[in-house]
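Since the structure comes first, as structure tokens, the remarks are kept for the end.
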């Protein structure tokens, strides 16, 4: 939603009135950003809502310790031990991808697999559903960031996709793999996400990334991330977000749950 008022009306409550009018007309309103005049309104409307989660899988414990002030030699030795223990933990306890699911990288977006996947999304789930052309530009034509797209197939049908990019996670922090988006077919959510995560984590390790991370508001996905060794990251001001859903629409017994994968869209010039 983009709300603009004439300069002479700023501070007169026009924004609050227009927001309330929007709530009456649309089942969901999403506020993105604010200025000095509207920040109070945005906070009152959206701050009480739960924040999105931040999940991170450290792949280089030594670098993790150095960034937190540990001496170079001590962090190197401790990092090797932690890395070995973490790999053992994941190899023994992390669930394996179910047999029969293949993950492959895709060079483009095809409506042939995308549209059936959207049709198979869970009922009562509100999420961003781009067209094939829009997603193609989002991942491969975006001038500010390029992504790699992975597809999960089972019985000759696509049951999920995941998009990620390699980023610099900060000075002296090395490269990181940033998971930006995923969609999963109903009934295959856990199996598809498990297969996709294991594939991209292995790819990140081969590329020498220090961590894999994502931010999301995605019901039930947190359990899969945790099973694959991801940790809940510390709260950060950049993770503030809010969604307000109205009462159920006529004929609906309950409100749709929201499913938004990574919300850092503004950092690469999209959405």
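Residue numbers (the numbering used here): 19 to 289. Every residue gets a Cβ at the ideal spot worked out from N, C-alpha and C, and that includes glycine.
- Each of 153, 76, 204, 151 was checked against the Cα of residue 135, and the nearest Cα belongs to 204.
- Following the DSSP letters along the chain, one finds residue 242 inside the alpha helix (DSSP H) bounded by residues 239-245.
- Listed as beta-bridge partners of residue 178 by DSSP are 170, 202.
- In this structure, DSSP gives residue 150 a helical state, which the three-state scheme calls helix.
- If you compare the alpha carbons of 182, 119, 226 with that of residue 206, the shortest gap goes to 119.
- Per the C-alpha coordinates, the member of 242, 239, 155 positioned closest to residue 164 is 155.
- DSSP links residue 216 through a beta bridge to no other residue.
- Judged by beta-carbon spacing, residue 213 lies within the 9 angstroms limit of residue 178, meaning their Cβ atoms are closer than that value.
- The three-state secondary structure of residue 224, taken from DSSP, is helix.
- Here DSSP, grouped into helix, strand and coil, assigns residue 211 to helix.
- Judged by DSSP secondary structure, residue 76 falls within the beta strand (DSSP E) whose first and last residues are 71-76.
- The C-alpha of residue 158 is placed about 29 angstroms away from the C-alpha of residue 249.
- Using a Cβ distance threshold of 9 angstroms, residue 222 and residue 195 count as a contacting pair.
- Residues 176 of the same chain have their beta carbon placed closer than 6 angstroms to that of residue 131, with the five preceding and five following residues left out of the count.
- In the three-state reduction of the DSSP assignment, residue 234 falls in the strand class, which pools E and B.
- In the structure shown, the three-state DSSP call for residue 137 is helix.
- Put simply, of 209, 126, 198 the residue whose alpha carbon is nearest the alpha carbon of residue 230 is 198.
- The C-alpha of residue 139 is placed about 20 angstroms away from the C-alpha of residue 116.
- Here residue 252 has 72 as same chain residues with Cβ atoms under 8 angstroms from its own Cβ, once five neighbours each way along the sequence are excluded.
- Here the alpha carbons of residue 89 and residue 240 stand approximately 33 angstroms from one another.
- Collapsing the DSSP output to three states places residue 156 in a helix.
- Where residue 121 is concerned, the enclosing beta strand (DSSP E) starts and stops at 119-124.
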